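*Asks:* Attaching a single structure in structure tokens format; questions to follow.
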Ligand SMILES: Nc1nc2c(ncn2[C@@H]2O[C@H](COP(=O)(O)OP(=O)(O)OP(=O)(O)O)[C@@H](O)[C@H]2O)c(=O)[nH]1
Ligand SMILES: [Mg+2]
């Protein structure tokens with residue numbers, strides 16, 4: 379191990395084992411800005427390699443963040459706002475605790491800012507997280523940081539959150555505006571990009587810290603192949619597709635998901651999913667056959683599902699008359715307006731849950 383760290387992902391650099399985190403070609407060591415081989419390949423060739431170390435991220439946060447620092451929880455406004463939030467109560471010990479919600483740009487056409495903020499406030503309250511303020515990122519990055527700097531002049535800024543929430547992207551945007559001479563960090567569309575907490579010295583007395591994301595094992599992001607994730611372009615476009623369905627109808631989304639409407643009155647469902655996906659309406663009685671026969675037409679599909687019988691079933695019952703979302707973490711959500719019984723078929727071991735509707 380060397381006493382140097384990768385300026386892209388924070389891994390401690392080493393020249394001994396090419397298969398492990400932080401490996402760097404010895405020839406690159408005399409560069410001013412050193413990237414490990416993994417970051418180099420990601421940056422120049424778009425090739426992603428999962429990190430090899432496993433660790434407890436929350437413990438890592440406690441070891442690296444002091445109580446006087448400003449702790450910023452970075453959170454995707456939508457799909458990954460999951461029950462995992464209630465496991466983050468340990469972060470309440472930090473008195474300067476804030477939340478910045480990312481990816482609002484993907485939902486802008488469907489969701490007003492006030493509504494998004496109300497949704498975040500409610501979810502954060504339900505999860506019993508004691509954040510002092512919630513910021514929705516929407517062309518207001520400078521205003522957010524000015525506010526934080528006014529509230530906590532010269533305090534260190536530490537960014538934490540789930541994998542893929544957009545921590546590093548946010549930091550890079552901040553650095554580009556205020557510290558254009560500092561090299562940018564490695565960000566990517568794959569979860570688990572940042573490997574170690576690392577400090578970026580802004581002034582002699584002040585730093586900013588990026589951290590590895592907290593892993594969400596039951597997210598689609600961690601279940602499908604990286605090549606498929608790349609094609610899904612979940613950070614680019616989310617499309618809302620409405621269907622009026624009677625019971626005994628179903629919607630198939632590539633080979634990732636089947637939504638079956640089993641019981642209830644005719645109603646409109648809105649499917650929020652990658653615009654790269656194909657949605658097909660079929661009759662419930664034909665769903666297995668339709669699923670299998672459509673499979674060959676998709677260029678975007680996971681190799682994990684070869685036929686309908688490879689899917690796992692999740693039963694959903696909605697009794698209340700208020701608008702709800704069925705969320706398939708890291709992949710899609712379905713807005714339901716009326717009570718009913720449904721089945722979701724998708725990959726095994728995914729987080730499929732119902733929440734009050736975001737939109
Ligand atoms: N559309 C959109 N995409 C975003 C936003 N923030 C981040 N992304 C994208 O989300 C993906 C993940 O971003 P990262 O910054 O690497 O996420 P991270 O939280 O650092 O992830 P880890 O290092 O894995 O913990 C990238 O493809 C980003 O371009 C945002 O506000 N809007
Ligand atoms: Mg990161």
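In the numbering used here, the protein residues as written are 379 to 737. C-beta: ideal position from N, C-alpha, C; glycine also. Being a predicted model, the structure only gives us computed values, none of them experimental.
Please determine, among 658, 697 and 625, the residue with the shortest C-alpha to C-alpha distance to residue 636.
*Replies:* Here the closest residue by C-alpha is 658.
*Asks:* Would you say residue 639 and residue 622 are within 8 angstroms of each other, going by their C-beta atoms?
*Replies:* In this structure, residue 622 does not lie closer than 8 angstroms to residue 639 by Cβ.
*Asks:* With a threshold of 7 angstroms on Cβ separation, who are the neighbours of residue 566 within its own chain once the five nearest residues in sequence on each side are excluded?
*Replies:* Same-chain partners within the cutoff: 420 and 426.
*Asks:* Mapping DSSP to helix, strand and coil, what is residue 549?
*Replies:* Three-state result, residue 549: helix.
*Asks:* Please state whether DSSP places residue 475 in a helix, a strand or coil.
*Replies:* In this structure, residue 475 counts as strand in the three-state DSSP scheme.
*Asks:* Are the region 711 to 722 and the region 588 to 597 in contact at 8 angstroms, needing three or more beta carbon pairs?
*Replies:* The region 711 to 722, when compared against the region 588 to 597, does not touch it at the 8 angstroms Cβ threshold.
*Asks:* From 570, 510 and 712, pick the residue whose C-alpha is nearest to that of residue 430; which is it?
*Replies:* For the residues 570, 510 and 712, the minimum Cα distance to residue 430 belongs to 570.
*Asks:* Using only the heavy atoms of ligand 2, determine whether one of them is closer than 7 angstroms to the beta carbon of residue 429.
*Replies:* For ligand 2, not one heavy atom lies less than 7 angstroms from the Cβ of residue 429.
*Asks:* As a quick exercise: from 508, 539, 403 and 384, pick the residue whose alpha carbon is nearest that of residue 471.
*Replies:* Nearest C-alpha to residue 471: 508.
*Asks:* Classify residue 730 as buried or exposed, calling it buried when 16 or more other Cβ atoms lie within 10 Å of its own Cβ.
*Replies:* Result: buried.
*Asks:* Could you check how far apart the C-beta atoms of residue 707 and residue 728 are, in whole angstroms? I think they sit under 8 angstroms.
*Replies:* 6 angstroms between Cβ atoms; contact.
*Asks:* If you reduce the DSSP assignment to three classes, tell me which class residue 511 lands in.
*Replies:* Here residue 511 sits in strand by DSSP.
*Asks:* Is it a yes or a no for the region 529 to 548 touching the region 591 to 605, going by three-plus beta-carbon pairs under 8 angstroms?
*Replies:* Because the criterion of three Cβ pairs below 8 angstroms is met, the region 529 to 548 and the region 591 to 605 touch.
*Asks:* Ordered along the chain, which non-local residues of its own chain (more than five positions away) have a Cβ less than 8 angstroms from that of residue 502?
*Replies:* Excluding residues within five positions, the ones whose Cβ falls inside 8 angstroms are 463, 477, 509 and 512.
*Asks:* Closest by CA to residue 487, which one among 516, 469 and 574?
*Replies:* When each option's Cα is compared against that of residue 487, the closest is 516.
*Asks:* Report the residue ranges of all beta strand (DSSP E) runs contained in full by the region 551 to 595; include only those spanning at least 3 residues, in chain order.
*Replies:* Those beta strand (DSSP E) runs which fall completely within the region 551 to 595 and span 3+ residues are 576 to 579 and 585 to 588.
*Asks:* Below 8 angstroms between beta carbons: does that hold for residue 681 and residue 656?
*Replies:* No; because the gap between Cβ atoms is not below 8 angstroms, this pair is not in contact.
*Asks:* Relative to the C-alpha of residue 535, which residue among 579, 493 and 492 is closest?
*Replies:* The option with the nearest alpha carbon to residue 535 is 579.
*Asks:* If you drop the 5 nearest sequence neighbours on each side, which residues of the same chain put their C-beta closer than 7 angstroms to that of residue 459?
*Replies:* Hits under 7 angstroms: 453 and 501.
*Asks:* Would you kindly work out how many angstroms separate the C-alpha atoms of residue 450 and residue 618, rounded to a whole number?
*Replies:* Spanning the two alpha carbons is a distance of roughly 30 angstroms.
*Asks:* Cutting at 7 angstroms between CB atoms, please list the residues of its own chain near residue 412, excluding the five before and the five after it.
*Replies:* The residues are 382, 384, 385, 391, 402 and 406.
*Asks:* Please name the residue, chosen from 564, 532, 442 and 485, that lies closest to residue 423 on a Cα-to-Cα basis.
*Replies:* If we check each option's Cα against that of residue 423, 564 comes out closest.
*Asks:* Taking the beta strand (DSSP E) that residue 690 falls in, what are its first and last residues?
*Replies:* Run containing residue 690: 690 to 696, per the beta strand (DSSP E) assignment.
*Asks:* State the DSSP-derived secondary structure class of residue 534, mapped to helix, strand or coil.
*Replies:* Three-state result, residue 534: coil.
*Asks:* Whole angstroms is fine: what's the gap from residue 674's alpha carbon to residue 697's?
*Replies:* Their Cα atoms are separated by approximately 37 angstroms.
*Asks:* Let me check you understand the geometry: is the CB of residue 707 closer than 7 angstroms to at least one non-hydrogen atom of ligand 1?
*Replies:* No, the Cβ of residue 707 stays beyond 7 angstroms of every heavy atom of ligand 1.
*Asks:* Quick one: does the C-beta of residue 733 sit closer than 7 angstroms to a heavy atom of ligand 1?
*Replies:* Result no, Cβ not under 7 angstroms from ligand 1.
*Asks:* In its own chain, which residues sit with a C-beta less than 8 angstroms from the C-beta of residue 396, not counting the 5 before and 5 after it?
*Replies:* Counting only Cβ-Cβ distances below 8 angstroms, and skipping sequence neighbours, we find 415.
*Asks:* Would residue 562 and residue 399 be called neighbours here (beta carbons separated by less than 8 angstroms)?
*Replies:* Not in contact: residue 562 and residue 399 (Cβ atoms no closer than 8 angstroms).
*Asks:* Ligand 1 heavy atoms versus the CB of residue 543: any closer than 7 angstroms?
*Replies:* For ligand 1, at least one heavy atom lies less than 7 angstroms from the Cβ of residue 543.
*Asks:* For residue 593, which residues from the same chain have a beta carbon less than 6 angstroms from its beta carbon, with the 5 sequence-adjacent residues on both sides left out?
*Replies:* Once the five neighbours on either side are set aside, the close Cβ partners of residue 593 are 541.
*Asks:* What first and last residue would you give for the alpha helix (DSSP H) that runs through residue 521?
*Replies:* Element bounds for residue 521: 519 to 529.
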